[in-house]
Amino acid sequence: MALSFLLLLGCCFLFTNTVSATDVFLTSDCISGNSSQDVSNLHSIEGYIENGTLKNKVNVTVDPKAPHPGEGERAVYSAKSKGVAVYMAASCPGTMKVVAKLASSSSKGVIFVNTGKLNLKTTSIIRRAWDDNFSNMYFAGIKTPYIFLRHAGVWVIQPNVDCAGKSQAYKNRYIANAISNIITNYPSLTSSSGRYYDTKLIATHKISPATMAKVAYGIYTSNKNKRVFKTSYNGYRLTSFLLMSTYYMNGPIKKLIYIKGPKNSHVKSTFSGSISKTDCRSLAATLNSYMRKYKRAPSYIRFKGKIIGYKDALLMFAILTKGHTSSSKMALASSYKFRKVYRY
Numbered sequence: 212m213a214l215s216f217l218l219l220l221g222c223c224f225l226f227t228n229t230v231s232a233t234d235v236f237l238t239s240d241c242i243s244g245n246s247s248q249d250v251s252n253l254h255s256i257e258g259y260i261e262n263g264t265l266k267n268k269v270n271v272t273v274d275p276k277a278p279h280p281g282e283g284e285r286a287v288y289s290a291k292s293k294g295v296a297v298y299m300a301a302s303c304p305g306t307m308k309v310v311a312k313l314a315s316s317s318s319k320g321v322i323f324v325n326t327g328k329l330n331l332k333t334t335s336i337i338r339r340a341w342d343d344n345f346s347n348m349y350f351a352g353i354k355t356p357y358i359f360l361r362h363a364g365v366w367v368i369q370p371n372v373d374c375a376g377k378s379q380a381y382k383n384r385y386i387a388n389a390i391s392n393i394i395t396n397y398p399s400l401t402s403s404s405g406r407y408y409d410t411k412l413i414a415t416h417k418i419s420p421a422t423m424a425k426v427a428y429g430i431y432t433s434n435k436n437k438r439v440f441k442t443s444y445n446g447y448r449l450t451s452f453l454l455m456s457t458y459y460m461n462g463p464i465k466k467l468i469y470i471k472g473p474k475n476s477h478v479k480s481t482f483s484g485s486i487s488k489t490d491c492r493s494l495a496a497t498l499n500s501y502m503r504k505y506k507r508a509p510s511y512i513r514f515k516g517k518i519i520g521y522k523d524a525l526l527m528f529a530i531l532t533k534g535h536t537s538s539s540k541m542a543l544a545s546s547y548k549f550r551k552v553y554r555y
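Just add 211 to the spot in the sequence shown (first one is 1) and you have the working numbering.
If you want it as structure tokens, here you go:
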């Protein structure tokens, strides 16, 4: 009789353990450039979770499709009801928007492992990724991305921010421990209560990039045909184009203000060579700040001890943006081979 009771108690204990185990679906984007390494890291994290503080209390499934794009959406759809979706990727605002919308109305736990070096907690706005070919054309980025994700119920782990300089093995253990801590200490992880899709934090363009691209193409064509720039293209003055294109390089195109032309539009550039994508964006930020402050375009801008004249700056941003006519064509080249206009 006593033996039967013990067997029954054991079966009940086993059954309780089984039904209370948390299901975790683990996936990733292409991160390291080596698919085998990415999969190895996923299994490493899986091992740390299953043999850590949640041993016998969690069932981890590594996505057989990983590493592969679409990781965020795939994770949320693939995770079991009341389970936890974990996806690893660099910070892509378009993916954040998709995942946040799904998570905001879901009772699944969602954890984003940011594999990039950008600290989302201290970032005021993150621009739409240049390789984003799936978001609406007017989508420009996410304001305060960490807050945006948390409002939707998405948790964020940042190994390359919190463990900068550490080995990959160390980071894998850190990720596993962070996932385990969230599951253990926050039972509301799998509750949809309090979640919402914060559209106020979604940045959008006031002017379509396609409209900007038409202006850019007009400027580019004039120079290609060795003609002097016209005063306006497609209804936009040259200074308006410079303002909107420099907005666009780092975030949303905002409502335009009247900007006077430069005091001297015939300054010839002394710079030659190539300009990196990062430097193009930095120059755009400097130009944009100047124009908003002084309500006029500068005659030139200094770069690496040299000068870039107003018209050459116009041509640069025209060439960079002339092809951005649809959401599938909004990429930015890794560098710009500097050119001078034919006619100043």
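The beta carbon of each residue, even a glycine, is placed where N, CA and C say it ideally should be.
Bear in mind that the values here come from a model prediction, so they are computed numbers and not experimental data.
When DSSP reads this structure, aspartate 234 sits in a beta bridge with Asn270. The beta carbons of isoleucine 322 and valine 295 sit closer together than 8 angstroms. Sequence-distant partners of asparagine 347 (beyond 5 residues in either direction) whose C-beta falls short of 8 angstroms from its own C-beta, in its chain, are Ser538. Per DSSP, the unbroken beta strand (DSSP E) holding isoleucine 486 starts and ends at 485-487. In summary, threonine 536 is buried, with 16 or more beta-carbon neighbours lying within 10 Å of its beta-carbon over all protein chains present. Between arginine 507 and glycine 472, the CB-CB gap stays under 8 angstroms.
In this chain, the alpha helix (DSSP H) harbouring threonine 422 covers 420-435. Assigned with DSSP and collapsed to three states, asparagine 245 falls in coil, not helix or strand. Residues Leu237, Ser239, Val273 and Ala277 of the same chain have their beta carbon placed closer than 7 angstroms to that of leucine 253, with the five preceding and five following residues left out of the count.
In the three-state reduction of the DSSP assignment, tyrosine 447 falls in the strand class, which pools E and B. With a 10 Å radius around the Cβ and a threshold of 16 neighbouring Cβ atoms, proline 398 comes out exposed. Here DSSP, grouped into helix, strand and coil, assigns methionine 527 to helix.
DSSP places alanine 387 within a helical segment (H, G or I) once states are collapsed to three. Nearest in C-alpha terms to serine 391, of all of Tyr555, Glu257 and Val309, is Glu257. Contact check for aspartate 342 against alanine 542 passes: the beta carbons are separated by less than 8 angstroms. For lysine 548, same chain residues with a beta-carbon under 7 angstroms away, outside a window of 5 residues either side, are Ser485 in chain order. In this structure, DSSP gives lysine 515 a state outside helix and strand, which the three-state scheme calls coil. The bridge partners DSSP lists for methionine 299 are Ser239 and Val324.
Residue pairing of serine 476 in beta bridges, as defined by DSSP: absent, with no partner found. Counted as a single uninterrupted DSSP element, the alpha helix (DSSP H) harbouring valine 287 occupies residues 282-289. Leaving aside the five residues that flank aspartate 490 on each side, the residues in its chain whose CB is nearer than 8 angstroms to its CB run, in chain order, Phe514. A residue is called buried once 16 or more other Cβ atoms fall within 10 Å of its Cβ, and serine 451 is buried on that count.
The C-alpha of tyrosine 288 is placed about 51 angstroms away from the C-alpha of phenylalanine 482. If you draw a straight line from the Cα of tyrosine 555 to the Cα of isoleucine 337, it comes to about 36 angstroms. When the five nearest sequence neighbours on each side are left out, the beta carbons in the same chain lying within less than 8 angstroms of the beta carbon of methionine 502 are those of Thr450, Leu453, Leu454, Thr457, Ile470, Ala508 and Pro509, in order along the chain. When secondary structure is reduced to three states using DSSP, lysine 504 falls in the helix class. Per the Cβ contact rule, the region 366-386 is not in contact with the region 348-355 (fewer than 3 Cβ pairs under 8 angstroms). Judged by beta-carbon spacing, isoleucine 518 lies within the 8 angstroms limit of serine 480, meaning their Cβ atoms are closer than that value.
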